[in-house]
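Colleague:
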Amino acid sequence: MAARGLTATLLIFALLASSASAQLSERFYNSTCPSGPAKVAEVVRTWITRDRTLAPALLRLHFHDCFVRGCDGSVLLDTVNGEKVAAGNINSLRGFEVIDDVKTKLEALCPGRMSCADILSLAARDAMVQMAGPILNWTVPLGRRDGVSSFASEANSALPPPFANFQQLVSLFSAKGFTTREMVVLSGSHTVGLSHCRNFQTRLYNFSATVATDPALEASFAAALKRQCKFGDTTTLVKMDQSKSVDTWDFSYYSNVLRGKVLFQSDDALKRTTEGSKIVQALNRAGSSFSAEFSAAMTKLSRVGVLTGTSGQIRRKCNLVN
Ligand code: HEM
């Protein structure tokens, strides 16, 4: 009986969540701030022209927002013990200054209209399209509202850590409505961006009591990483995809996974089950559908747990509740 009650409650929550996401629309600002979305693109373009590395940073910021309390801008809030100080976010997330700049300009254009959650969702897409070119593009439905709470503890349990195994990844993504294939596709974003040495120090120097270096790392790759990240170095930033000199958008991530040339155990884990390995190999084939699948998965990500209608608020400043 209690189990049936719980199932019914979960069903109601699922229905409410999907009806909120159904209220999003690409035309949401057509009457209230028609030039808003173009303004976001313009401001983001200026930042990315100056520093391309901000594009992956904004993509990750959006992911970390959506996985914790839904895409409600909660990752942007400066609250005590908020998401910003969670293990996976502190001294790691970048790009807040871009969102703040966009917000200031949007408030001048249409005060109190565009939510920080929408700005973040648009900025992630616009930045990545600017960086990657026409190979990448996804639809961003709009009308999200901003949350008023942010908890580090929730981020700590919802965000995947770099040492996660396949089952852990599957279950963290499935908790947000994603299939295993979508999880593997979204992980392909590690074809761009930067990581701190601390995320793979253990793999290089302290793997186990008997083996110093993770044997899953290809030998020359491990040696190259050790040159960039000395023992104990936690702060140096290295390129996520070491196989190319310029960060470009492609599906090279999957060949890196297969060759043992990825930074995190969570990346390596994708090929460690029959199911995962089949997906990685499929995405690694010539003519891979990776970018199209990635785009579809990003639109889906942007709908996770959104607040619409009269829920939440439109923050005046993205780091503060009104
Ligand atoms: C599958 C589980 C995932 C794990 C365990 C993971 C973990 C990490 C870690 C540890 C970093 C390095 C952060 C730092 O050192 O500051 C990172 C970077 C990054 N991640 Fe993930 N991530 C995952 C999935 C995703 C997804 C789904 C996306 C996007 C949709 C994403 C996008 C990125 C990007 C773009 C970067 C580079 C950020 C930058 O350059 O600042 N990751 N990830």
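With mature numbering (1 follows the signal peptide of the UniProt record, and there is no 0) applied, the sequence shown corresponds to residues -22 to -1, 1 to 300, in that order.
All C-beta atoms, glycine included, are put in the ideal place defined by N, C-alpha and C.
(1) Closer than 5 angstroms from C-beta to any heavy atom of ligand 1: which residues, in chain order?
(2) Considering K81, what are the terminal residues of the alpha helix (DSSP H) in which it resides?
(3) Are the CB atoms of S167 and L248 within a distance shorter than 8 angstroms?
(4) Does Q291 come out as helix, strand or coil in the three-state DSSP assignment?
(5) Hey, how far is the Cα of F45 from the Cα of S266?
(6) According to DSSP, is V224 part of a helix, a strand, or is it coil?
(7) Helix, strand or coil: which one does DSSP assign to K154?
(8) What would DSSP say about R123, mapped onto helix, strand or coil?
(9) Would you give the residue range spanned by the alpha helix (DSSP H) that S173 belongs to?
(10) Roughly how many angstroms lie between the CA atoms of S70 and F41, to the nearest whole one?
(11) For F242, does the count of other Cβ atoms within 10 angstroms reach 16, so buried, or fall short, so exposed?
(12) Buried or exposed for A200, please, with buried defined as at least 16 other CB atoms from any protein chain shown within 10 angstroms of its CB.
(13) Go ahead and pull the three-state DSSP assignment for V216.
(14) Would you kindly work out how many angstroms separate the C-alpha atoms of S128 and A142, rounded to a whole number?
(15) For S289, collect the residues of the same chain with a Cβ closer than 8 angstroms to its Cβ; drop the 5 residues on either side in sequence, then sort them by chain order.
(16) Consider the Cβ of D96: report whether some Cβ of chain B lies at a distance smaller than 8 angstroms.
(17) Would you kindly check if the distance between the Cβ of S221 and the Cβ of K239 is under 8 angstroms?
(18) DSSP three-state label for L55, please.
(19) Rounded to whole angstroms, what is the Cα-Cα separation between C296 and A190?
(20) Check whether the segment 6 to 23 touches the segment 79 to 96, counting contact only when three or more Cβ pairs, one atom from each stretch, lie closer than 8 angstroms.
(21) For M218 versus S173, is the C-beta distance shorter than 8 angstroms?
(22) Note down the Cα distance separating V21 from E132, rounded to an integer number of angstroms.
(23) What residues in its chain sit with their C-beta under 6 angstroms from that of G254, if we drop five residues either side in the sequence?
(24) Would V125 and D50 qualify as a contact pair, given that the criterion is a beta-carbon distance under 8 angstroms?
Modeller: For this structure:
(1) P34, A35, L37, R38, F41, S70, R72, P138, P140, L164, S165, S167, G171, L172, S173, H174, N177, S244
(2) Residue numbering aside, residue 81 sits at position 103 when the sequence shown is read from its first letter. Element bounds for K81: 74 to 87.
(3) What you label residue 248 is simply residue 270 of the sequence shown in a count that begins at 1. What you label residue 167 is simply residue 189 of the sequence shown in a count that begins at 1. Result no, Cβ atoms of L248 and S167 do not sit closer than 8 angstroms.
(4) Residue numbering aside, residue 291 sits at position 313 when the sequence shown is read from its first letter. Reduced to three states, the DSSP call for Q291 is strand.
(5) For this step, residue 45 is matched to residue 67 along the sequence shown. For this step, residue 266 is matched to residue 288 along the sequence shown. Taking the straight line joining both Cα atoms gives about 27 angstroms.
(6) As a working mapping, residue 224 is identified with position 246 in the sequence shown. Coil at V224, not helix or strand.
(7) Indexing the sequence shown from 1 puts residue 154 at position 176. DSSP places K154 in coil when its eight states are reduced to three.
(8) As a working note, residue 123 is residue 145 in the sequence shown. Residue state, collapsed to three classes: strand.
(9) To locate residue 173, count along the sequence shown from 1; it is residue 195. First-last for S173: 172 to 174, but that is the beta strand (DSSP E), not the alpha helix (DSSP H).
(10) Translated into the one-based positions of the sequence shown, residue 70 becomes position 92. Translated into the one-based positions of the sequence shown, residue 41 becomes position 63. One C-alpha to the other measures close to 13 angstroms.
(11) Locating residue 242 in the sequence shown gives position 264, counting from the first residue. Buried, since its Cβ has 16 or more Cβ neighbours within 10 Å.
(12) Counting from 1 along the sequence shown, the entry for residue 200 is found at position 222. Buried: at least 16 other Cβ atoms inside 10 Å.
(13) By one-based count along the sequence shown, residue 216 stands at place 238. It is a strand residue.
(14) By 1-based counting over the sequence shown, the position of residue 128 is 150. By 1-based counting over the sequence shown, the position of residue 142 is 164. So the two alpha carbons sit approximately 24 angstroms from each other.
(15) Translated into positions along the sequence shown, residue 289 becomes position 311. Within the same chain, S289 has close Cβ partners A(-3), R123.
(16) The structure shown contains no chain B; it is built from a single protein chain.
(17) Residue mapping note: residue 239 aligns to position 261 of the sequence shown, counting from 1. Residue mapping note: residue 221 aligns to position 243 of the sequence shown, counting from 1. In this structure, S221 lies closer than 8 angstroms to K239 by Cβ.
(18) Here residue 55 corresponds to residue number 77 of the sequence shown, with the count starting at 1. It is coil, neither helix nor strand.
(19) Residue numbering aside, residue 296 sits at position 318 when the sequence shown is read from its first letter. Residue numbering aside, residue 190 sits at position 212 when the sequence shown is read from its first letter. Spanning the two alpha carbons is a distance of roughly 44 angstroms.
(20) yes
(21) For the purposes of this step, residue 218 is identified with residue 240 of the sequence shown, where counting begins at 1. For the purposes of this step, residue 173 is identified with residue 195 of the sequence shown, where counting begins at 1. It is a contact, given that the beta carbons lie within the stated cut-off.
(22) Here residue 21 refers to the residue found at position 43 of the sequence shown. Here residue 132 refers to the residue found at position 154 of the sequence shown. One C-alpha to the other measures close to 31 angstroms.
(23) One-based indexing of the sequence shown puts residue 254 at position 276. So the qualifying residues of the chain are F144, L248.
(24) By 1-based counting over the sequence shown, the position of residue 125 is 147. By 1-based counting over the sequence shown, the position of residue 50 is 72. In the sequence as displayed, the identity of residue 125 is Gly instead of Val. Their beta carbons are under 8 angstroms apart, which means G125 touches D50 by this criterion.
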